[in-house]
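Numbering (mature numbering (1 follows the signal peptide of the UniProt record, and there is no 0)), first residue to last: -26 to -1, 1 to 318.
Every residue, glycine too, gets a C-beta built ideally from N, C-alpha and C.
Below is one structure; the comments refer to it alone.
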Amino acid sequence: MKKIKRMACMVLCGMMLWTLAGCAPAAGETRPIPEDTSFRERVALTGDSVAVVRKDGTVRGTYVLHGTADEAELWEIFAQAAERTEEINEWENICGITFGRWFVAGLRKDGTAIGAGLNENLLNGMESWRDVKQIDSCYKTVVALFEDGTVGNTGECIWPSFEEWEDITEISCGLMNVAAGLKKDGTVVYGCDCKEDDEQEAHEKIREEIKDWKDITQVACGTHSVLGLKKDGTVVAAGDNRYGECTVDGWTDVVQVVGGDYRNFGIRSDGTVLVTDWMKAIEELDSDFIDISAIEDWQDIVVLKDDSNLVMGVTADGELRFAGNMEDKRVQAARKIWLEAEWG
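If you want it as structure tokens, here you go:
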């Protein structure tokens, strides 16, 4: 089961890389990244794809197939998903994009949503949405934040708790069908689609830990954890800390938190990046996690996206940075797309 989830995670990350492919500056030229934090919603990176929303509201992306002949059945599914999602290159008036399992969802500037991919029920469920402020996705669902502060979702997950959410200003989803909502008063709510007793116990623990959070300005969900950025630039975390994902004591001057895959990140005001103990996951997990120490030298970072074996950063002047597996096909795919990106 763990291998299936990990493979799905890699697929998801690849699909996000796919969307980045048409929004970069011309070779040798850089354009400033907008200070508006909504820019984070314009970049997507998943296991087999990269994507980006251009400043004119159009989308470009690329799909990168990984694997061997032994995975022929998965390759066929990948190919079908890639073919279905190719239509995103025809989308217009888009301001946000997100990927899930075999689907991609886009937020239009008029507050409606559009989707493409293999999950027809999920895609059809978005058609009636109006006044959407933000979208995010998990493994099998798309979550929407509406202008009135309420939250809803479409897809295979069932989240009764959303009916109780109100006064929400921001949402963040984690791959394993979890979501956090930031309220106007700086507190945080949390929900999950849990079907096993051990999962329910773990997520109830997170709910208890975040009950006392105050003065939060941003939330981010990792694989099994939640981060909260406080007004004073410090960070709090809740969840499974077996690999050090929640060890954020001492983080200061943070302006953005990013949930990752068994590791979490903080971007500081000077553009440098903080990361939890990623070495612990490499040592204890039988996985494809690799050395990401290159991020220690990164500067001027304003956007960061993470996948199990690749971390991608965008600098304030629009340049790409990578840490991890530099042989990953998504690196070249993203660079190619970036040459067409327009970040103004």
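Beta carbon of residue i, beta carbon of residue j: below 8 Å?
i           : j      : result
ALA153      : ALA118 : no
VAL277      : PHE13  : yes
GLY123      : ASP141 : yes
ASN151      : CYS112 : yes
TRP76       : GLY91  : yes
residue 346 : GLY218 : Residue 346 is absent from the structure shown; the chain starts at -26 and stops at 318.
PHE296      : VAL288 : no
ILE62       : ARG16  : no
VAL26       : ILE241 : no
VAL116      : LEU96  : yes
GLY213      : VAL231 : no
ILE132      : ASP167 : yes
GLU121      : ASP105 : yes
GLY35       : CYS69  : no
GLY298      : ILE256 : no
LEU19       : ASP302 : no
On the DSSP letters alone, give me the boundaries of the alpha helix (DSSP H) that residue i sits inside.
i      : result
ASN93  : Element bounds for ASN93: n/a, residue is neither H nor E.
ILE311 : 303 to 312
ILE256 : 252 to 258
Taking the C-alpha atoms as reference points, what is the distance between residue i and residue j?
i           : j      : result
GLU50       : ASP22  : 14 Å
GLY292      : VAL24  : 16 Å
MET300      : ALA307 : 12 Å
LYS279      : ASP84  : 26 Å
LEU284      : GLY207 : 26 Å
ALA176      : GLY234 : 18 Å
ALA290      : ASP189 : 27 Å
ALA(-3)     : LEU294 : Residue placement at ALA(-3) is poorly supported in this model, since its pLDDT is 35, which falls under 50; the coordinates still yield a value, given next. ALA(-3) and LEU294: Cα-Cα distance of roughly 10 Å.
GLU94       : LEU203 : 36 Å
ASN238      : HIS198 : 10 Å
MET(-26)    : VAL209 : With a pLDDT of 46 at MET(-26), under the threshold of 50, the modelled position of that residue is not reliable, and the figure given next carries that caveat. So the alpha carbons of these two residues sit roughly 32 Å apart.
TRP139      : LYS157 : 9 Å
GLY148      : ASP244 : 27 Å
GLU66       : ALA315 : 15 Å
ILE264      : LEU81  : 33 Å
CYS(-14)    : THR143 : Because the pLDDT of CYS(-14) is 43, which lies under 50, any placement of that residue in the model is unreliable, and the question is left without a value.
GLU182      : LYS205 : 21 Å
GLU60       : ILE184 : 40 Å
GLU258      : ASN215 : 13 Å
LEU313      : ALA56  : 21 Å
THR128      : GLY89  : 11 Å
GLN174      : PHE136 : 16 Å
residue 324 : ASP110 : With the chain covering only -26 through 318, there is no way to say anything about residue 324.
ASP186      : GLY155 : 14 Å
Just reading off the beta strand (DSSP E) that residue i is part of, what are its end residues?
i      : result
ALA25  : 23 to 27
PHE296 : 294 to 298
PHE73  : 68 to 74
ALA212 : 209 to 213
ASP291 : From DSSP, ASP291 is part of no beta strand (DSSP E); its letter is neither H nor E.
GLY165 : 162 to 166
SER199 : 199 to 204
ARG104 : Taken as a continuous stretch (DSSP letters only), ARG104 belongs to no beta strand (DSSP E), as it is neither H nor E.
LYS279 : 275 to 281
ALA268 : Neither: ALA268 is in no beta strand (DSSP E) and is coded neither H nor E.
CYS195 : 190 to 195
ARG82  : 77 to 82
PRO218 : This sequence places Gly at residue 218; Pro is not what is there. Counting along the chain, GLY218 falls outside any beta strand (DSSP E), and DSSP gives it neither H nor E.
ALA118 : 115 to 120
THR128 : 125 to 129
Just to confirm, does residue i get its C-beta within under 7 Å of one of the non-hydrogen atoms of the ligand SAM?
i      : result
ALA153 : No copy of the ligand SAM appears in this structure; indeed no ligand is present at all.
For residue i, write down the residues that DSSP places opposite it in a beta bridge.
i      : result
LYS157 : ILE142
CYS147 : ALA153
ILE62  : None; ILE62 has no bridge partner.
SER243 : According to DSSP, which records beta bridges pairwise, SER243 is partnered with nothing at all.
ILE88  : GLY80
VAL232 : PHE239
Margin query: Can you confirm whether the segment 249 to 260 touches the segment 157 to 168 when touching is taken to mean that 3 or more C-beta pairs between the two stretches lie within less than 8 Å?
Written below: Not touching, per the Cβ criterion.
Next item on the list: Check whether the segment 220 to 227 touches the segment 265 to 272, counting contact only when three or more Cβ pairs, one atom from each stretch, lie closer than 8 Å.
Entry: no
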